[in-house]
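>
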Amino acid sequence: MIKSPVLDLMKSFNTEEFKRFLEFLQSPYFNKNSNLVKVAKYLKKLVPLNNHDKLSEEKIWNAVYGKKEFNYGIMKNLVYELKKATERFLAVEHLEKNELYKELFVIKELNQRTLGEILEKKIVTSKNKIENGKMNISKLYFLYRFNSIDSVYKENLFSKESEKLADDEELSNSFINYFFASIFYLNYNRLINSKMLNTETDLKTVINFIEFYEKAFTGKNILSDLYYYAVKITLDPDNEECYDTLKKLLFDNYEILDHSSVKDFAAILSAYCQLKKSGSKNNYVQEEFDNTCFFLDKGLFNAEHNSFFDSNLFSRLAEYSLVLNKPEWCRDFIDKYKDQLSPLNREVRIGIAEIYLENHIGNYEHALEILSKTKPEKVIEIFKIRSIELIIFFNLKDYERVYTLIKNFRSYIDYEEKVSELVSKAYIDFLNYTRKLTDILVNSNNAGELKNDLEELYSNIQNKKIANKTWLKTAISNSLTEADR
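All residue numbers for the sequence shown refer to this note's numbering, where the first residue is -2 and numbers rise by one.
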């Protein structure tokens, strides 16, 4: 198989994108190398590009040059040119999808060519597109840039006669709105990464920005306010009032925000719920599930808005629905959205969801049958498969197999370098506490001792960040119920 990032880039193409890529290569304006067209036509027949034998350099060479003797240097250059063409295609695709980038480039060209009358009209129509459309941070940026060009044009022209040009207050407001939305967005990402990775971060700057914003700017721009509240709840997860305000502000203004912004805030609500799960009196699994279902019903995650349905979201919703004992909902969800997943990991993610569902309803043998056919490649998928396999054998009370799986899983974690320390610790704790639970069930001599040990174990895990924690708590609770009998 050829070793180049170009293959990963092309694997990410859906059918329509591959068609457009071929059209791109066939355009003499974008590409004058006819051999690249031959390569693309050959690869198009192999989509989803998983047949490694047919992706070898020799096979591709034969598709392009026929019986001509293989030349490594020419082949290497061909792959390099294909990579450059693929990157150009992605750049053109991005530009075609982003009208405001094109508007800005045209406005800059008009300004440089001193086409004043055309420039004025273009700026006005471009600003109207933003003001009449749905909002996101990039639109705040473009509004500021358009106003900035307005202002410079006015100064250079020494003209005060056109009211269509931006005044100083309009320019200042557009800059302030963009600045605060951006600064809170950037600081939110810095803070949430720090929370998730359990690392220290300097809070002085962001606190200064918050205090400055609160003095004069709250309530003036929806996006700035939303990201401001996102930072506040991440700094102080116990401030549930701030969370409620953010959620209400988002739901009330859903229709005026564009798709990408709503996705950002859906992820922000989800991250908060995940931070709050441990030790909270409220059921934040239910809260996250309800929020996600709200956005799901609005069509936020549908494939028509994105290349594919997000595979991590697919897995999380399937798992949460079962945690909340909604197997029928899970079944309907899998059937409705499975075909919208990326072909890169569709079968694996469907398999994982099906395994969780079959385990939940007690069809352990069928779950193991699906598991045997599911071949994960990504680390997080391997972790999920190993976790559910362990859970199934625990449910079957095959404790000898449970001990073996714990040992093997722990060895895998110790040698796996592609996972963060925080994730490793969460899964190691899951294995350790599952072993302790198994030890208690296997070794306790009487019902009283069994009950005391189980209650102590349940208390110990309450405020800890453990992978599969909900299952572990349920398993302990079920064991306590059996001990009472």
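Virtual Cβ for every residue (Gly too), placed ideally from N, Cα, C.
Alpha carbon to alpha carbon, what distance is there between TYR150 and LYS295?
Locating residue 295 in the sequence shown gives position 298, counting from the first residue. Locating residue 150 in the sequence shown gives position 153, counting from the first residue. Whole-angstrom Cα-Cα distance: 43 Å.
> Pick from ASN299, THR198, GLU366 and ILE265: whose alpha carbon is nearest that of GLU284?
Here residue 284 corresponds to residue number 287 of the sequence shown, with the count starting at 1. For the residues ASN299, THR198, GLU366 and ILE265, the minimum Cα distance to GLU284 belongs to ILE265.
> What span of residues does the alpha helix (DSSP H) with PHE406 cover, start to end?
Taking the sequence shown and counting its residues from 1, the one referred to as residue 406 is at position 409. From DSSP, the alpha helix (DSSP H) with PHE406 extends over 396 to 412.
> How would you label PHE67, buried or exposed, when you count the other beta carbons within 10 angstroms and need 16 or more for buried?
By one-based count along the sequence shown, residue 67 stands at place 70. It counts as exposed.
> What does GLU254 pair with, by DSSP beta-bridge criteria?
Reading the sequence shown from its first residue, position 257 is the one you call residue 254. Reading the sequence as shown, one finds Leu at residue 254 and not Glu. In DSSP, LEU254 forms a bridge with MET132.
> Short check: CB of SER417 to CB of LEU194, under 8 Å?
Looking up residue 417 in the sequence shown gives position 420. Looking up residue 194 in the sequence shown gives position 197. It is a contact, given that the beta carbons lie within the stated cut-off.
> What is the DSSP secondary structure of LYS161, counted as helix, strand or coil?
As a first step, residue 161 must be located in the sequence shown, where it is residue number 164. A caution first: LYS161 carries a pLDDT of 48, below 50, which makes its placement in the model unreliable, though a value can still be read off. Coil at LYS161, not helix or strand.
> With three or more beta-carbon pairs closer than 8 Å as the criterion, would you say the segment 183 to 199 touches the segment 224 to 232?
The segment 183 to 199 is in contact with the segment 224 to 232.
> With which residues is LEU338 paired in a DSSP beta bridge?
Here residue 338 corresponds to residue number 341 of the sequence shown, with the count starting at 1. Beta-bridge pairing links LEU338 to PHE306.
> Terminal residues of the continuous alpha helix (DSSP H) containing THR478?
In the sequence shown, counting from the first residue as 1, residue 478 sits at position 481. From DSSP, the alpha helix (DSSP H) with THR478 extends over 466 to 481.
> Alpha carbon to alpha carbon, how far is TYR424 from ILE463? Give it in angstroms, no decimals.
The sequence position of residue 463 within the sequence shown is 466, counting from 1. The sequence position of residue 424 within the sequence shown is 427, counting from 1. Taking the straight line joining both Cα atoms gives about 7 Å.
> Measure from the alpha carbon of LEU101 to the alpha carbon of each residue in SER145, ALA88 and ARG85, then state which is nearest.
Walking along the sequence shown from the start, residue 101 turns up at place 104. Checked all of SER145, ALA88 and ARG85; the closest Cα to LEU101 is SER145.
> Is the beta carbon of TYR175 less than 8 Å from the beta carbon of TYR210?
Indexing the sequence shown from 1 puts residue 175 at position 178. Indexing the sequence shown from 1 puts residue 210 at position 213. Result no, Cβ atoms of TYR175 and TYR210 do not sit closer than 8 Å.
> Could you have a look at TYR182 and say whether DSSP puts it in helix, strand or coil?
Start at 1 with the first residue of the sequence shown, and residue 182 comes out as number 185. Correct three-state label for TYR182: helix.
> So is ARG110 in contact with chain B if we call contact Cβ pairs under 8 Å?
Considering every chain present, this structure includes no chain B. It has just one protein chain.
> With a threshold of 16 other CB atoms inside 10 Å of the CB of ASP222, please say whether the residue is buried or exposed.
The residue given as residue 222 occupies position 225 in the sequence shown. Flag for ASP222 reads buried.
> Going straight from the alpha carbon of PHE177 to that of GLU208, what length do you get?
Position 180 of the sequence shown, counted from the first residue, corresponds to residue 177. Position 211 of the sequence shown, counted from the first residue, corresponds to residue 208. Their Cα atoms are separated by approximately 12 Å.
> Does the distance from the C-beta atom of LEU469 to that of LEU451 stay below 8 Å?
In the sequence shown, counting from the first residue as 1, residue 469 sits at position 472. In the sequence shown, counting from the first residue as 1, residue 451 sits at position 454. No, the Cβ-Cβ distance between LEU469 and LEU451 is not below 8 Å.
> For the alpha helix (DSSP H) that contains ASN392, what are its first and last residues?
For this step, residue 392 is matched to residue 395 along the sequence shown. 376 to 392 is the extent of the alpha helix (DSSP H) around ASN392.
> Among ILE349, ASN322, LEU92 and PRO324, whose alpha-carbon lies nearest the alpha-carbon of LYS335?
One-based indexing of the sequence shown puts residue 335 at position 338. Here the closest residue by C-alpha is ILE349.
> Taking the C-alpha atoms as reference points, what is the distance between SER179 and THR202?
The count along the sequence shown starts at 1 and reaches residue 179 at position 182. The count along the sequence shown starts at 1 and reaches residue 202 at position 205. So the two alpha carbons sit approximately 14 Å from each other.
> Short of 8 Å in beta carbon distance, which residues of its chain neighbour LEU402, apart from the five on each side in sequence? Order them along the chain.
Here the question's residue 402 lines up with position 405 in the sequence shown. If we look at LEU402 and ignore the five residues flanking it on each side, its Cβ neighbours are ARG383, GLU386, LEU387 and PHE390.
> Is LEU319 closer than 8 Å to TYR361 when the C-beta atoms are compared?
Position 364 of the sequence shown, counted from the first residue, corresponds to residue 361. Position 322 of the sequence shown, counted from the first residue, corresponds to residue 319. No. Outside cutoff.
> What do you get for TYR138, buried or exposed, if any count of 16 or more other CB atoms within 10 angstroms of its CB means buried?
For this step, residue 138 is matched to residue 141 along the sequence shown. TYR138 comes out buried.
> Just the C-alpha distance for LYS7 and ILE358, rounded to the nearest angstrom, thanks.
Position 10 of the sequence shown, counted from the start, is the residue given in the question as residue 7. Position 361 of the sequence shown, counted from the start, is the residue given in the question as residue 358. Looking at the sequence provided, one finds Met at residue 7 rather than Lys. Going from the Cα of MET7 to the Cα of ILE358 covers about 39 Å.
> In whole angstroms, what separates the C-alpha of ASP395 from that of LEU314?
Taking the sequence shown and counting its residues from 1, one reaches residue 395 at position 398. Taking the sequence shown and counting its residues from 1, one reaches residue 314 at position 317. Looking at the two C-alpha atoms, the distance is approximately 29 Å.
> Report the option in TYR26, GLU378 and ILE57 whose CA atom is closest to the CA atom of LYS37.
Here residue 37 is taken as the residue at index 40 of the sequence shown, counted from 1. The question names Lys, but residue 37 in the sequence shown is Ala. Residue ILE57 is the option with its Cα nearest to ALA37.
> According to the neighbour-count rule (16 or more other Cβ atoms, all chains shown, within 10 Å of its Cβ), is ARG110 buried or exposed?
Looking up residue 110 in the sequence shown gives position 113. Exposed: under 16 other Cβ atoms inside 10 Å.
> Going along the chain, which residues of its own chain have a beta-carbon closer than 8 Å to the beta-carbon of GLU90, five neighbours each way excluded?
What you label residue 90 is simply residue 93 of the sequence shown in a count that begins at 1. Excluding residues within five positions, the ones whose Cβ falls inside 8 Å are GLU14 and ARG17.
> Taking Cβ to Cβ, would you say ASN561 is nearer than 8 Å to GLU78?
The chain is shown from -2 up to 482; residue 561 falls before or after that span and cannot be answered.
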